[in-house]
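**Student:** This is the structure I want to talk about, given as structure tokens.
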Amino acid sequence: MDLVIVESPAKARTIEGYLGGNAKVLASFGHVRDLPAVDGSVDPAHDFAMQWEVSADRSKQLKAITDAAKAADRVVLATDPDREGEAISWHLAEVLRQKKAVPKGGMQRITFNAITKDAVKAAMAAPRDIDQPLVDAYLARRALDYLVGFTLSPVLWRKLPGAKSAGRVQSVALRLIVEREREIEIFTPQEYWTVEASMKAASGHMFPARLTALAGKKLDKFGLPTEANAEEARAIVEAASFSVSAVDLKTVVRNPAPPFTTSTLQQEASRKLGLGAQQTMRTAQTLYEAGHITYMRTDGVAMDGSAINAARDMVMERYGRDYVPERPRAYSVKAKNAQEAHEAIRPTNFTKTAGGLHLSDMEARLYDLIWKRAVASQMASAQLERTTVDLLADDGSAELRATGTVVVFPGFLTLYAEGTDDLDEEDGSRLPKLLAGERPQTQEVTKAQHFTQPPPRYSEASLVKRMEELGIGRPSTYASIIQVLKDRDYVVLEQKRFRPQEKGRLVTAFLERFFERYVGYDFTAGLEGQLDDISADKASYLQVLRDFWADFQPRAEDVKAQKPWDVEKALDEYLAPHLFPPRADGGDPRACPSCGDGRLALKVGKFGPFISCSNYPECKFTRQFASANGDDAGPSTLGDDPATGLPVEVKSGRFGRYVQSGEKRSSIPKDMGDLDLPGALKLLSLPREVGLHPETGLPIVANLGRYGPYLLHDGKYANLKDTADLFEIGMNAAVVKLAEPKGGRGQRTPAEPLAVLGAHPETGVEVKVLNGRFGPYITDGSVNANVPKATDPKAVTLEQAVELLAERAARAPAKGKKKAPAKKAPAKKPAAKKAAPKKKASA
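All residue numbers for the sequence shown refer to the working numbering, where the first residue is 1 and numbers rise by one.
Next up, the structure:
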């Protein structure tokens, strides 16, 4: 009998069902070994020798695999078909050899892109050896990440209190977010105006036309810079009579996008479903292990020939012959490494839609997205008709332009439009039929003010796209990179956009100043290219490590030798243009706004970076380490309080921004975004009395505290979710909120689950992952099981959870059931008093 080893229990059960009694299938639960998180696990002095350690929570599973291997005829390593999967197989093979558990039939490696019966059986019939170049690429990546992390992180701890870690790729991703924030802060909005006329065609249909030229001169975006210019232009258009001077009709063909790769799936799931990269990959993993989709970590866009035919058959069945292109569509991508360019992500069976499968809501939505994208990729092109109409004033004083787009044949847009659930907004704008010489009537002419906008902050989708464009990271790493930045509190996600935190900004500045090369985009992308060369057997992984370490290690030692105050001074100088930009009045940007004669400088304290006066402690002025967008000039005034006439100011302190008017002040919650005068007055009006409780007659008060918004009634508290609730919550909702059960000591509300995994297959009870006093754990309401230490609590699947709960239930009684009391030994009868023994003679 064969022993087949895969990663997950769900995958194991599915494959064992396909192979019947010819094989025993066991799960490794991912990697069984890793580098210990201690100094010296990678030893550059001995040619980067690596000390591997069996993960504590894998020892039991590894023993089961070892015992089964000794009794098997052959071991088949069937882990995922990528670099990580190859590494897991290599680790398993190494351990089995060390334990002398390799059977006579030996060990072989198989891969399959989909967990279907045909794919698995075909793979079993065509085994191969472990791909050593792929393993070498894994070893190089793991060693590089370890060396950078274990070299840079201690430097950060010593030089920048509060900084947690740095990483080879995570630091570059953080730099992208920080640089975008700097662009936003130095951005100066530019005003411009537009003039638009509402025109009526001879047919009676209305259409808009925009002013594009005055007195024969074309207007660019900033052609009307002021309201006076816009008003003058508006008057000219209003007084003029227009006729159609030209009609340009173009047919535009839009082709469908290829099926999903890992990165495009993450981007579209973020845009359309609001899912984070981690959530997308966990859900896709579940769909893959259930046999519903092909492997979800891929940079390839091609589909198997049989899948293409199945998709075309589905299009024919649903939409008819007109929607099936004459020839099958073939997609290709210039993959840096053909060994990792697997088939695109697609359904394994195109006849199965989300409604016909037993899926959770999230799984169904993601599967539907994958199904639509794959089917649409084999549909006919959409045909659009774009019309441009130019209208010229009789006296040549002005020219207008009207544009419209009409979908002539929707093609693939009937099923799927990339980036939006509907057709583009312009696709619905139809112009009336207009002929050259026709004289539409001007109904109304309006002017509108606009300002240029700064570049938007990165969303998860746009960050993944930018990293992919720069060649930073790889499809399988994007989700984990983003998660690390969140976990380290280097960034915060606000309205689905990344805003860097102060510690993240300081870490980036430190690395830019002292390790500029290693956070460079080209350097990081080049290193990824070298890893791809190792995978393709074009480079030696040891030589790549030697070349990297020869330059990196001396630089790290040099920085480590510097004193903290020298580092602080260097950062102060490096960030001076950003922290202390020139003042509009020409004054000293470092002059203390409080005492006048002190100079401001960057300081790094226990709680992070801040700006302080050189006259401390006589002058205690401080402000946040923040931006060059006006914070340097001191407090900003939003206006006057109409009730008191006192100015309402936004200020910055050691613990963040706050608003103050007279003696009243309030911290500014992060979820309020850019504060205006009405918002500031609301904060200053707190606490707010919601009303009197109908049962006790005592007041219910809404207020903002250290840990966020809350309700208070008769000494009892209830947390509110958003700051907006402070001002909007009514009596009924407040009474209900106060009546909700508390979460134990301290009258706290229950914590939000880290993950909701779905219904238990046997009991139907919802299984959740919660964060407890001693770490994350899984619960079904009656049994609690700890999440293994090396496992991401948010990455636990329902199948893994069910097994862990079953193991826990087998070891101990379920929660809520008391253990049977231990039987007490019968009380001994008191012994009869004996005479004192005689002393023995000493030897």
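Backbone N, C-alpha and C define an ideal beta-carbon position, used for all residues, glycine too.
1. So, is threonine 696 buried or exposed, given that buried needs 16 or more other C-beta atoms within 10 angstroms?
2. Measure the C-alpha to C-alpha separation of proline 432 and proline 189 and round it to an integer number of angstroms.
3. Name the two residues that bound the continuous beta strand (DSSP E) containing tyrosine 192.
4. Give me whichever residues DSSP pairs with phenylalanine 610 in a beta bridge.
5. Within 10 angstroms of the Cβ of aspartate 421, are there 16 or more other Cβ atoms? Answer buried if so, exposed if not.
6. Identify, in the order they occur along the chain, each residue of the same chain with its Cβ nearer than 7 Å to the Cβ of arginine 327, setting aside the five sequence neighbours on each side.
7. What are the boundary residues of the beta strand (DSSP E) that includes serine 476?
8. In whole angstroms, what is the alpha-carbon distance linking alanine 759 and glycine 85?
9. Is proline 793 near valine 769, with beta carbons less than 7 Å apart?
10. For the beta strand (DSSP E) that contains alanine 209, what are its first and last residues?
11. Which same chain residues end up closer than 7 Å to alanine 525 when comparing Cβ atoms and leaving out the 5 residues on each side of it in sequence?
12. Where do the ends of the alpha helix (DSSP H) carrying tyrosine 323 lie?
13. For the putative contact between arginine 168 and aspartate 136, defined by C-beta atoms under 8 Å, what is the C-beta separation to the nearest angstrom?
14. Judging by CA-CA distance, which residue of Arg688, Ser459, Val375 is the nearest neighbour of alanine 277?
15. Pull up the CB-CB distance for leucine 531 and alanine 143, whole angstroms please, since I reckon it's below 8 Å.
16. Any idea if valine 333 is buried or exposed, counting beta-carbon neighbours within 10 angstroms, 16 or more meaning buried?
17. Give, in chain order, every unbroken run of the beta strand (DSSP E) that is at least 3 residues long and sits entirely within the segment 433-519.
18. Please confirm whether arginine 439 and serine 245 have their CB atoms less than 7 Å apart.
19. What is the DSSP secondary structure of glycine 17, counted as helix, strand or coil?
20. With 16 as the cutoff for other CB atoms within 10 Å, does threonine 113 come out buried or exposed?
21. For threonine 797, does the count of other Cβ atoms within 10 angstroms reach 16, so buried, or fall short, so exposed?
22. What's the C-alpha gap between serine 377 and leucine 160?
23. Ordered along the chain, which non-local residues of its own chain (more than five positions away) have a Cβ less than 8 Å from that of lysine 818?
24. Report yes if the CB atom of isoleucine 611 is closer than 7 Å to the CB atom of arginine 623, and no otherwise.
25. Just list the beta strand (DSSP E) runs in the segment 230-264, keeping only unbroken ones of 3 residues or longer that don't cross its boundaries, in chain order.
26. Helix, strand or coil for alanine 591? Go by DSSP, reduced to three states.
27. According to the Cβ coordinates, are alanine 734 and leucine 711 closer than 7 Å?
28. Taking a contact to mean a Cβ-Cβ separation below 7 Å, would you say glycine 645 touches leucine 677 in this structure?
29. Where are the beta strand (DSSP E) runs, 3 residues long or more, that stay fully inside the segment 334-384, in chain order?
30. According to DSSP, is histidine 713 helix, strand or coil?
31. Checking the sheet assignment: what are the DSSP bridge partners for lysine 217?
32. Between the alpha carbons of asparagine 337 and serine 535, how many angstroms are there, rounded?
33. What is the rounded straight-line gap between the Cα of tyrosine 295 and the Cα of leucine 805?
34. So what's proline 44 in DSSP terms, helix, strand or just coil?
35. In angstroms, rounded to a whole number, what distance separates the CA positions of threonine 226 and valine 195?
36. Label lysine 503 either buried or exposed according to how many other C-beta atoms from any shown protein chain fall within 10 Å of its C-beta, with 16 as the threshold for buried.
**Tutor:** The answer reads as follows:
1. Burial call: exposed.
2. 36 Å
3. 191-200
4. Lys603, Gln624
5. A caution first: aspartate 421 carries a pLDDT of 42, below 50, which makes its placement in the model too unreliable to give a value.
6. By the criterion of a C-beta distance shorter than 7 Å, arginine 327 is surrounded by no residue of its chain, once the five residues flanking it on both sides are discounted.
7. Unbroken run through serine 476: none, as it is neither H nor E.
8. Just so you know, the alpha carbons of alanine 759 and glycine 85 end up roughly 29 Å apart.
9. yes
10. 206-214
11. Leu470, Gly471, Ile472
12. Per DSSP, tyrosine 323 belongs to no alpha helix (DSSP H) and is neither H nor E.
13. So it is not a contact: roughly 17 Å between Cβ atoms.
14. That would be Ser459, whose Cα lies nearest to the Cα of alanine 277.
15. Going by Cβ atoms, the distance from leucine 531 to alanine 143 rounds to 11 Å, so no, they are not a contact pair.
16. exposed
17. 441-451, 491-494, 497-500
18. no
19. Helix, per DSSP.
20. A small fix is needed here, since residue 113 is asparagine in this sequence, not threonine. The residue in question, asparagine 113, is buried, as its Cβ has 16 or more Cβ neighbours within 10 Å.
21. buried
22. Their Cα atoms are separated by approximately 50 Å.
23. Note on lysine 818: pLDDT 45, under 50, position unreliable in the model; no value is reported.
24. yes
25. 242-254
26. strand
27. yes
28. no
29. none
30. strand
31. Leu214
32. Unreliable placement is indicated for asparagine 337, whose pLDDT of 41 sits below 50; the coordinate value is still reported in the next sentence. Answer to the nearest angstrom: the Cα atoms are 7 Å apart.
33. 28 Å
34. helix
35. 12 Å
36. buried
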